[in-house]
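Engineer: Residue numbers (this note's numbering), protein chains in the order written: chain E, 1 to 205; chain Y, 206 to 410; chain D, 411 to 615; chain A, 616 to 820. Ideal placement from N, C-alpha and C gives every residue a C-beta, glycine not left out.
4 protein chains.
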Amino acid sequence: MTTEPPARKTRWQEKREASYAALVDAAMHCFHERGYAATRVEDIAEAAGYTTGAFYFHFKNKTACFQHVIAYRERLRGDWQTLIDGLDPSTTSLEEVLVRLFARFAEAERGAGAWILVMVDYHQQHRDKADAEALLHDSYRRWHGQIAEFIATLQQRGWIPEGRDPAQLAADVFAYSEGTSAHAALYDTDRGAALVDTVARLLRG
Amino acid sequence: MTTEPPARKTRWQEKREASYAALVDAAMHCFHERGYAATRVEDIAEAAGYTTGAFYFHFKNKTACFQHVIAYRERLRGDWQTLIDGLDPSTTSLEEVLVRLFARFAEAERGAGAWILVMVDYHQQHRDKADAEALLHDSYRRWHGQIAEFIATLQQRGWIPEGRDPAQLAADVFAYSEGTSAHAALYDTDRGAALVDTVARLLRG
Amino acid sequence: MTTEPPARKTRWQEKREASYAALVDAAMHCFHERGYAATRVEDIAEAAGYTTGAFYFHFKNKTACFQHVIAYRERLRGDWQTLIDGLDPSTTSLEEVLVRLFARFAEAERGAGAWILVMVDYHQQHRDKADAEALLHDSYRRWHGQIAEFIATLQQRGWIPEGRDPAQLAADVFAYSEGTSAHAALYDTDRGAALVDTVARLLRG
Amino acid sequence: MTTEPPARKTRWQEKREASYAALVDAAMHCFHERGYAATRVEDIAEAAGYTTGAFYFHFKNKTACFQHVIAYRERLRGDWQTLIDGLDPSTTSLEEVLVRLFARFAEAERGAGAWILVMVDYHQQHRDKADAEALLHDSYRRWHGQIAEFIATLQQRGWIPEGRDPAQLAADVFAYSEGTSAHAALYDTDRGAALVDTVARLLRG
DNA sequence: TATGAATGAGCTTTCATTCAT
DNA sequence: GATGAATGAAAGCTCATTCAT
Numbered sequence: 001m002t003t004e005p006p007a008r009k010t011r012w013q014e015k016r017e018a019s020y021a022a023l024v025d026a027a028m029h030c031f032h033e034r035g036y037a038a039t040r041v042e043d044i045a046e047a048a049g050y051t052t053g054a055f056y057f058h059f060k061n062k063t064a065c066f067q068h069v070i071a072y073r074e075r076l077r078g079d080w081q082t083l084i085d086g087l088d089p090s091t092t093s094l095e096e097v098l099v100r101l102f103a104r105f106a107e108a109e110r111g112a113g114a115w116i117l118v119m120v121d122y123h124q125q126h127r128d129k130a131d132a133e134a135l136l137h138d139s140y141r142r143w144h145g146q147i148a149e150f151i152a153t154l155q156q157r158g159w160i161p162e163g164r165d166p167a168q169l170a171a172d173v174f175a176y177s178e179g180t181s182a183h184a185a186l187y188d189t190d191r192g193a194a195l196v197d198t199v200a201r202l203l204r205g
Numbered sequence: 206m207t208t209e210p211p212a213r214k215t216r217w218q219e220k221r222e223a224s225y226a227a228l229v230d231a232a233m234h235c236f237h238e239r240g241y242a243a244t245r246v247e248d249i250a251e252a253a254g255y256t257t258g259a260f261y262f263h264f265k266n267k268t269a270c271f272q273h274v275i276a277y278r279e280r281l282r283g284d285w286q287t288l289i290d291g292l293d294p295s296t297t298s299l300e301e302v303l304v305r306l307f308a309r310f311a312e313a314e315r316g317a318g319a320w321i322l323v324m325v326d327y328h329q330q331h332r333d334k335a336d337a338e339a340l341l342h343d344s345y346r347r348w349h350g351q352i353a354e355f356i357a358t359l360q361q362r363g364w365i366p367e368g369r370d371p372a373q374l375a376a377d378v379f380a381y382s383e384g385t386s387a388h389a390a391l392y393d394t395d396r397g398a399a400l401v402d403t404v405a406r407l408l409r410g
Numbered sequence: 411m412t413t414e415p416p417a418r419k420t421r422w423q424e425k426r427e428a429s430y431a432a433l434v435d436a437a438m439h440c441f442h443e444r445g446y447a448a449t450r451v452e453d454i455a456e457a458a459g460y461t462t463g464a465f466y467f468h469f470k471n472k473t474a475c476f477q478h479v480i481a482y483r484e485r486l487r488g489d490w491q492t493l494i495d496g497l498d499p500s501t502t503s504l505e506e507v508l509v510r511l512f513a514r515f516a517e518a519e520r521g522a523g524a525w526i527l528v529m530v531d532y533h534q535q536h537r538d539k540a541d542a543e544a545l546l547h548d549s550y551r552r553w554h555g556q557i558a559e560f561i562a563t564l565q566q567r568g569w570i571p572e573g574r575d576p577a578q579l580a581a582d583v584f585a586y587s588e589g590t591s592a593h594a595a596l597y598d599t600d601r602g603a604a605l606v607d608t609v610a611r612l613l614r615g
Numbered sequence: 616m617t618t619e620p621p622a623r624k625t626r627w628q629e630k631r632e633a634s635y636a637a638l639v640d641a642a643m644h645c646f647h648e649r650g651y652a653a654t655r656v657e658d659i660a661e662a663a664g665y666t667t668g669a670f671y672f673h674f675k676n677k678t679a680c681f682q683h684v685i686a687y688r689e690r691l692r693g694d695w696q697t698l699i700d701g702l703d704p705s706t707t708s709l710e711e712v713l714v715r716l717f718a719r720f721a722e723a724e725r726g727a728g729a730w731i732l733v734m735v736d737y738h739q740q741h742r743d744k745a746d747a748e749a750l751l752h753d754s755y756r757r758w759h760g761q762i763a764e765f766i767a768t769l770q771q772r773g774w775i776p777e778g779r780d781p782a783q784l785a786a787d788v789f790a791y792s793e794g795t796s797a798h799a800a801l802y803d804t805d806r807g808a809a810l811v812d813t814v815a816r817l818l819r820g
């Protein structure tokens, strides 16, 4: 009988979540297109169809918004490590696995790739603000952890030789991948060409 | 008879060159410490012992100043490719060469390393300004060209197997190196550890 | 037969009055703690256990709310002039009367003393808005009138000499009292010390 | 021979001091007319004939500007305590002294009287900012100290009976005076009427 | 050459108020 | 009666750049 109050609350909740989602997504794309510093709060709000007031209803400030974007990206990434479930080295080469993987990431990023640039931009604006930087570290740790796990699986399942430390391989592959991303964006370099090939070389040792 | 005017002119020139040099060097260090966007013109002038007026006497604007810093860094780098003149694979391992190389670069940078961060920062502030970006491309081309040349020499002199395209190897090594730099700065990651080792692996194929 | 509608109406009225009372009281305390300008409408609503919407149901705007607080304070003050009913100069000294009086006011204020600060704050935000200021004048007139009446009684009942104009004495005592309040708040001065003593001197002439 | 550099420096200095003086004076008048909170930085700059940028060249922020205004007012006040040098109780009554004194203060304030209102306003905006408040305390201490000294002189020179503590008398007179100022401004009360008379009563005990 | 006061556009953030539900 | 998401108009402050000297 008293189902109305909860229903009402849900309405607000839905509305709130919808506008929040729109803002976070808009923020991600604005940051991607213009960089962190050059993106004005108003740009984000406008891109989401709201005003700056709405922005500050959802986020304490621009920094906080960025941190929500980081979390959003992790959610988008999903559990990509299951990508090789059911695959086998005898039928699917390492290169093929990598091609699928990068394709998956590209798709999950929804057009907002080369994110390393945004991370650098954010970092440059928050030098020596310990808590703002801590977020970056945590984010890296999670990413890196997932990659290392995945590499360990590749080793166990016979795609690549065992022996090398998965954590180190993960750091290498991650750094190389982001280095090429950055160079492609900064220097108009061709990233795709050798990416898979070189990553495969790194992994095989 | 009229030896004074030229002498005076020289004095002025010297003074001018001295202040120019001080400003460019100060700019490099400021950009390194705070990033491009966060560095104020006054910071640079002050660090060099001058005022903003002097800055604008030497540079059209902040962007132009950055471009002079880029050129300055190239000058600092010098002709590092001669580093292996007189060395031999039989007495000096590839790893040793790389260690010396990175040491040399570190020294030439005068404490202003992880420059990739600054490049990204600059890039983010100049999106879609064709001429500002062109500078970056040129700068990359020169760097990359030198590295490729050096790698070709390593191949010819027997440090690494021939066969792979030096240009591609250069791109890979460069990207990997800068990726680790960025990760070290952003995520408080340990760069030195595997750097030489992984670069050697990349080069050896 | 139709006893329900009136009952219901009463319920609503009660509810309405309860929330109104809560809001006015919360407003008084917020204004006291943070000043008029620095108090946000949301602060008041929150302190009363409601939301801004409820606030605007009861008050046209922040200014109107303040005016209700003024009226509330007058109600709280009550008919303090009866405080000396039954007392006599032969058994109760002027100083004793004053001590009781200030104690009574302090109690009625419910912790929200030094109200002069809030009045000034409100006044500063409403310069040249005639109607907003008129409220202050009326409020003063009532306060001052009550004090003058009380002083006249003190004269008639023999606590203080007759002769001086009660209205002027009231203005003096009021101004002195509020001056010390303000100084105590602004300059961390000790108010209590000489208050009663000096007021007594003023009254005795 | 080399008198030019100092001369040049003086030029800048003069210019700087002129604009500083204009800004401080404009700030005082704006604060007086609109209160502290309601005065925008742009109002001050504009009133002085400059832009907000110039304002921030001279003051770190609005708070700092206010503090300079406080110092300015102390300078304006000058050494008013010498006002009775050469006067004598036998030829000049206490009331006459007070009239001259208040006239002197009114003149020194250059139209920016009832400053207590601005002080309250400032105080309300800086609650619990220890350093901002410390300034108020210091300012009070100096004012109060001067008044106490002056009252001691009045006692020694025979204008008022000795016996009462000059510090306490100073606190009383100061509080009363500012209380009437505030009431006059807030409640459109007539201040001048009894001011001198009541202050004299307070001083005579 | 170099100074440094001044400009002015731009950005982040706050908050009284509204309104559909 | 009450909710709370959203608006929009400020306001404080920063900083690249200019210019008279």
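#1: Just the chain Y side, please: which residues come within less than 7 Å of E:ALA18 by C-beta, in chain order?
#2: Alpha carbon to alpha carbon, what distance is there between Y:ASP336 and D:VAL451?
#3: I'd like to know whether the C-beta of E:ALA33 is nearer than 9 Å to at least one C-beta of chain Y.
#4: In angstroms with no decimal places, state the Cα-to-Cα distance between A:ALA749 and A:TYR651.
#5: Beta-carbon separation of E:ALA44 and E:PHE55 under 9 Å?
#6: Helix, strand or coil: how does DSSP classify D:GLY602 here?
#7: Check whether the region 375 to 391 of chain Y touches the region 165 to 185 of chain E, counting contact only when three or more Cβ pairs, one atom from each stretch, lie closer than 8 Å.
#8: Tell me where the alpha helix (DSSP H) around A:TRP758 begins and ends.
#9: Please go through the same chain and pick out, in chain order, the residues whose beta-carbon is closer than 8 Å to the beta-carbon of E:ASP88, but skip the five residues on each side of it.
#10: Buried or exposed, going by whether 16 or more other CB atoms sit within 10 Å of the CB of A:VAL714?
#11: Check each candidate in D:PHE476, D:GLY555, D:ARG614 and D:PHE469 and name the one with the smallest Cα separation from A:THR813.
#12: Run through DSSP, which three-state label would A:HIS741 get?
#13: I believe Y:ALA243 touches E:GLN124 by the beta-carbon criterion, under 8 Å. Please report the beta-carbon distance rounded to the nearest angstrom.
#14: Taking the alpha-carbon of E:GLY67 as reference, which of E:ASP165, E:GLU107, E:ARG110 and E:LEU23 has the nearest alpha-carbon?
#15: Please classify A:PRO776 as buried or exposed, where buried requires at least 16 neighbouring CB atoms within 10 angstroms.
#16: Taking 8 Å as the threshold, find out whether the region 752 to 769 of chain A comes into contact with the region 545 to 555 of chain D through three or more Cβ pairs.
#17: Go ahead and label D:ARG520 buried or exposed: buried means 16 or more other beta carbons lie within 10 angstroms of its beta carbon, across all protein chains shown.
#18: Residues of chain D with a CB under 9 Å from the CB of A:VAL639: which are they?
#19: Distance cutoff 9 Å, beta carbons only. Does D:GLY602 sit that close to anything in chain A?
#20: What residues from chain Y crowd round E:ASP121, counting only those whose CB sits closer than 7 Å?
#21: Once the 5 residues before and after E:VAL173 are set aside, which same chain residues still bring their CB inside 6 Å of it?
#22: Can you list, in chain order, the residues of the region 569 to 595 of chain D whose Cβ is nearer than 8 Å to any Cβ on chain A?
#23: So that I know if they touch, is there some Cβ in chain E lying closer than 9 Å to that of Y:GLU209?
#24: By the criterion of Cβ-Cβ separation under 9 Å, what are the contact partners of Y:THR287 in chain E?
#25: Can you list, in chain order, the residues of the region 331 to 348 of chain Y whose Cβ is nearer than 7 Å to any Cβ on chain E?
#26: If we cut at 9 Å on Cβ distances, does E:VAL196 have a partner in chain Y?
#27: Quick one: what does DSSP say A:LYS624 is sitting in, helix, strand or coil?
#28: By the 8 Å beta-carbon criterion, what residues does the region 445 to 475 of chain D contribute toward chain A?
#29: Please classify D:HIS547 as buried or exposed, where buried requires at least 16 neighbouring CB atoms within 10 angstroms.
#30: How many Å lie between Y:LEU391 and E:ARG11 at the Cα?
#31: Which of the three DSSP states, helix, strand or coil, is assigned to Y:ASP326?
#32: Interface residues of chain D around A:ILE731 at Cβ under 7 Å?
#33: For Y:THR394, is the classification buried or exposed, using 16 other Cβ atoms within 10 angstroms of its Cβ as the cut-off for buried?
#34: Any beta carbon from chain E within less than 9 Å of Y:GLY410's own beta carbon?
Structural biologist: To lay it out plainly:
#1: Mapped onto the first sequence, residue 18 of chain E falls at position 18. In chain order: nothing, as chain Y lies at least about 30 Å away.
#2: If you number the third sequence from 1, residue 451 of chain D lands on position 41. If you number the second sequence from 1, residue 336 of chain Y lands on position 131. Each residue's alpha carbon lies about 51 Å from the other.
#3: Numbered from 1 along the first sequence, position 33 holds the residue referred to as residue 33 of chain E. Here the sequence assigns Glu to residue 33 of chain E, which means Ala is not the residue at that position. Interface residue, yes.
#4: Working through the fourth sequence from its first residue, we reach residue 749 of chain A at position 134. Working through the fourth sequence from its first residue, we reach residue 651 of chain A at position 36. A:ALA749 and A:TYR651: Cα-Cα distance of roughly 17 Å.
#5: As a first step, residue 44 of chain E is located in the first sequence; it is residue number 44 there, counting from the start. As a first step, residue 55 of chain E is located in the first sequence; it is residue number 55 there, counting from the start. In the sequence under discussion, the amino acid at residue 44 of chain E is Ile, which differs from the Ala named in the question. By the CB criterion at 9 Å, E:ILE44 and E:PHE55 fall inside the cutoff.
#6: Along the third sequence, one-based indexing puts residue 602 of chain D at 192. Residue state, collapsed to three classes: helix.
#7: Three or more beta-carbon pairs drawn from the region 375 to 391 of chain Y and the region 165 to 185 of chain E are found closer than 8 Å, and the two stretches are therefore classed as touching.
#8: By one-based count along the fourth sequence, residue 758 of chain A stands at place 143. Looking at the DSSP string, the run of the alpha helix (DSSP H) that includes A:TRP758 is 745 to 771.
#9: Translated into positions along the first sequence, residue 88 of chain E becomes position 88. Same-chain partners within the cutoff: ARG157.
#10: Taking the fourth sequence and counting its residues from 1, one reaches residue 714 of chain A at position 99. Burial check for A:VAL714: the Cβ neighbour count within 10 Å stays below 16, so the residue is exposed.
#11: Reading the fourth sequence from its first residue, position 198 is the one you call residue 813 of chain A. Of the listed residues, the one whose Cα sits closest to A:THR813 is D:ARG614.
#12: Within the fourth sequence, the letter at position 126 stands for residue 741 of chain A. Here A:HIS741 sits in coil by DSSP.
#13: Against the second sequence, residue 243 of chain Y aligns to sequence position 38. Against the first sequence, residue 124 of chain E aligns to sequence position 124. With 8 Å as the limit, Y:ALA243 and E:GLN124 qualify as a contact, their Cβ atoms being about 6 Å apart.
#14: Against the first sequence, residue 67 of chain E aligns to sequence position 67. The displayed chain sequence assigns Gln, not Gly, to residue 67 of chain E. Ranking E:ASP165, E:GLU107, E:ARG110 and E:LEU23 by Cα distance to E:GLN67 puts E:LEU23 first.
#15: Translated into positions along the fourth sequence, residue 776 of chain A becomes position 161. With fewer than 16 other Cβ atoms within 10 Å, it is exposed.
#16: Cβ pair count under 8 Å is below three, so no.
#17: As a first step, residue 520 of chain D is located in the third sequence; it is residue number 110 there, counting from the start. Per the 10 Å Cβ criterion, exposed.
#18: Here the question's residue 639 of chain A lines up with position 24 in the fourth sequence. Correct list: empty, because the minimum Cβ distance to chain D is about 20 Å.
#19: Here residue 602 of chain D is taken as the residue at index 192 of the third sequence, counted from 1. No - not a single Cβ of chain A is within 9 Å of the one on D:GLY602.
#20: Indexing the first sequence from 1 puts residue 121 of chain E at position 121. From the beta-carbon of E:ASP121, the residues of chain Y found nearer than 7 Å are VAL325, ASP326 and GLN329.
#21: Position 173 of the first sequence, counting from 1, holds the residue named residue 173 of chain E. Taken in chain order, the residues that qualify are VAL199 and LEU202.
#22: Going along the region 569 to 595 of chain D in chain order, one finds GLN578, ALA581, ASP582, PHE584, ALA585, TYR586, SER587, GLU588, GLY589, THR590, ALA592, HIS593 and ALA595 with a Cβ nearer than 8 Å to chain A.
#23: The residue given as residue 209 of chain Y occupies position 4 in the second sequence. Its pLDDT being 49, under 50, Y:GLU209 is placed unreliably by the model, and the measurement read from it follows with that caveat. By this cut-off, Y:GLU209 is not an interface position.
#24: For the purposes of this step, residue 287 of chain Y is taken as the residue at position 82 of the second sequence. Listed by position along chain E, the residues whose Cβ is nearer than 9 Å to that of Y:THR287 form an empty set, because the closest Cβ is around 25 Å away.
#25: Those would be ARG332, LEU341, HIS342 and TYR345, in chain order.
#26: On the first sequence, residue 196 of chain E is found 196 positions in, with the first residue counted as 1. Not one chain Y Cβ lies under 9 Å of E:VAL196.
#27: By 1-based counting over the fourth sequence, the position of residue 624 of chain A is 9. Helix, per DSSP.
#28: So the list reads GLY445, TYR446, ALA447 and ALA448, given in the order they occur along the chain.
#29: Counting from 1 along the third sequence, the entry for residue 547 of chain D is found at position 137. Exposed, because fewer than 16 other Cβ atoms sit within 10 Å of the Cβ of D:HIS547.
#30: Within the second sequence, numbered from 1, the residue matching residue 391 of chain Y stands at position 186. Within the first sequence, numbered from 1, the residue matching residue 11 of chain E stands at position 11. Those two C-alpha atoms are separated by around 41 Å.
#31: Translated into positions along the second sequence, residue 326 of chain Y becomes position 121. Looking at Y:ASP326 - three-state DSSP - the assignment turns out to be helix.
#32: Locating residue 731 of chain A in the fourth sequence gives position 116, counting from the first residue. Chain D residues near A:ILE731: ALA592.
#33: Locating residue 394 of chain Y in the second sequence gives position 189, counting from the first residue. Buried, because 16 or more other Cβ atoms sit within 10 Å of the Cβ of Y:THR394.
#34: On the second sequence, position 205 is the one that residue 410 of chain Y refers to. Closer than 9 Å: yes.
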